[in-house]
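Undergrad:
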Amino acid sequence: MATKPLRWVGGSYDDLLALPDDVRREFGYALFAAQKGGKADHAKPLKGFGGGVLEVIEDYDGDTYRAVYTVRFASAVYVLHAFQKKSKSGIATPKKDMELIEIRLKAAKRMEEGR
Numbered sequence: 000m001a002t003k004p005l006r007w008v009g010g011s012y013d014d015l016l017a018l019p020d021d022v023r024r025e026f027g028y029a030l031f032a033a034q035k036g037g038k039a040d041h042a043k044p045l046k047g048f049g050g051g052v053l054e055v056i057e058d059y060d061g062d063t064y065r066a067v068y069t070v071r072f073a074s075a076v077y078v079l080h081a082f083q084k085k086s087k088s089g090i091a092t093p094k095k096d097m098e099l100i101e102i103r104l105k106a107a108k109r110m111e112e113g114r
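Residue numbers in the sequence shown follow numbering that gives the first Met the number 0, run continuously in steps of one, and reach 114 at the last position.
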C-alpha cells in the first residue's frame, strides 16, 4: 500500500515540534502507521468526533502529551493537534483543546474538498 502524505492543519506542526524528543518519536510512529493504512497499538478513537479521528497519549517525565489526527480522508492523514495536557482534573481532554480539534477538523475537510 502506498504511503499517504501527512498534512498539518493550523499550527499542529509547530505544536509537535515543541514536544520532548521521546514524545515526538512515539507520535511519529503512530502517524507513520496511519500513513501506511494501519493503526498504532496505542492510538484510540477520540470520543465525540465519530470514526476516523484518533488520539495518541504519551506519558513522559511526569507529564501527559496528546496528538490527534484524522484518517477520514482518502488523500492524506491530517494532523489536527499536539499538546501537553496541563489539567490535573481527570483524564478528559480540556474543552479548549476539543474546540481547537473541532475547528481544525473542519479546516481539514475544507482542505480535502479543495483538492
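C-beta: ideal position from N, C-alpha, C; glycine also.
1) Could you name the residues of the same chain whose beta carbon sits closer than 8 Å to that of Gln-34, not counting the 5 residues immediately before and after it, in chain order?
2) I believe Ala-25 touches Val-55 by the beta-carbon criterion, under 8 Å. Please report the beta-carbon distance rounded to the nearest angstrom.
3) Relative to the C-alpha of Asp-118, which residue among Asp-20, Ala-106 and Leu-79 is closest?
4) Can you give me the start and stop residues for the alpha helix (DSSP H) that Arg-71 sits inside?
5) Output the boundary residues of the beta strand (DSSP E) element that contains Asp-58.
6) Do Leu-15 and the ligand NAP come close, with the Cβ less than 7 Å from some heavy atom?
7) Give the range of the alpha helix (DSSP H) segment to which Ala-1 is assigned.
TA: On the basis of the coordinates in this document:
1) One-based indexing of the sequence shown puts residue 34 at position 35. Closer than 8 Å at the Cβ level, and outside the excluded window around Gln-34, lie Thr-2, Lys-3, Pro-4, Leu-5 and Val-76.
2) Within the sequence shown, residue 25 is the residue found at index 26, counting from 1. Within the sequence shown, residue 55 is the residue found at index 56, counting from 1. In the sequence as presented, Ala is not what sits at residue 25; that position holds Glu. The pair is a contact, with the Cβ atoms about 7 Å apart (cut-off 8 Å).
3) Not covered by the structure: residue 118. The range shown for the chain is 0 to 114.
4) As a first step, residue 71 must be located in the sequence shown, where it is residue number 72. Premise fails: Arg-71 is in no alpha helix (DSSP H) and is neither H nor E.
5) Start at 1 with the first residue of the sequence shown, and residue 58 comes out as number 59. Residues 52-59.
6) Among the components of this structure there are no ligands whatsoever, and the ligand NAP is therefore not found.
7) If you number the sequence shown from 1, residue 1 lands on position 2. Neither: Ala-1 is in no alpha helix (DSSP H) and is coded neither H nor E.
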